[in-house]
Amino acid sequence: MVSIDEIVKEVRSKGRIIGAPESLLVVHDSPQSDGTPYVKIVDGFCFYISTERGLEISKKKASNLDQILYFIFSRITKRMASDYELRNRIPHQDCRRIIFEKQISLLKKLDESWASRRQQEIVSTLINHPYDDEL
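If you use the UniProt record's numbering, the sequence shown corresponds to residues 1 to 135, in order.
If you want it as structure tokens, here you go:
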């Protein structure tokens, strides 16, 4: 059974590998009501839940430490990649090109399978919402 303490320890350890800011490495264990995810452990499963104004807006179920860490680091690396894109924006290019590339490179430093999983999610997103470089 995974504990909150174990998750926090792993998040901090892996966060150092990618140079994540401390502010992104906070693991909440109760609702924040502002959309910030928290981890809830019930009957051996971890749930990564976001609530906003008392309403659950997202809930992902993980059966092991690897899965919950993937959910957590998908969010952390997306935030880091978005910040990177803001500092390195290319005019008239869909900002997601830089964000997705940076996020994949950060995830690869942590776990190749996480990078592959995220890459598949990005491909799926782009099928329905292709790049628009005329922004």
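Note that CB positions come from ideal geometry on N, CA and C, so glycine has one too. Treat the numbers as computed from the prediction; the structure is a model and nothing was measured.
Which of the three DSSP states is assigned to residue i in this structure?
{"i": "G15", "result": "helix"}
{"i": "L25", "result": "coil"}
{"i": "D83", "result": "helix"}
{"i": "S58", "result": "strand"}
Within this structure, are the beta carbons of residue i and residue j separated by less than 8 Å?
{"i": "I72", "j": "S58", "result": "no"}
{"i": "K60", "j": "F45", "result": "no"}
{"i": "C95", "j": "R89", "result": "yes"}
{"i": "I41", "j": "V2", "result": "yes"}
{"i": "R118", "j": "L107", "result": "yes"}
{"i": "I7", "j": "V39", "result": "yes"}
{"i": "D29", "j": "I4", "result": "yes"}
{"i": "E52", "j": "S33", "result": "yes"}
Would you grab the beta carbon distance between residue i and residue j for me? Rounded to a whole angstrom, and I think it's under 8 Å.
{"i": "I98", "j": "Y84", "result": "7 Å"}
Spatial neighbours of residue i within its chain, please: CB distance less than 7 Å, with the 5 preceding and 5 following residues excluded, ordered by chain position.
{"i": "L110", "result": "K14, I17, I18 and F73"}
{"i": "Q67", "result": "none"}
Spatial neighbours of residue i within its chain, please: C-beta separation below 6 Å, excluding the five flanking residues on both sides.
{"i": "S70", "result": "According to the sequence provided, residue 70 is Tyr. The question's Ser does not apply to it. Here the set comprises W114."}
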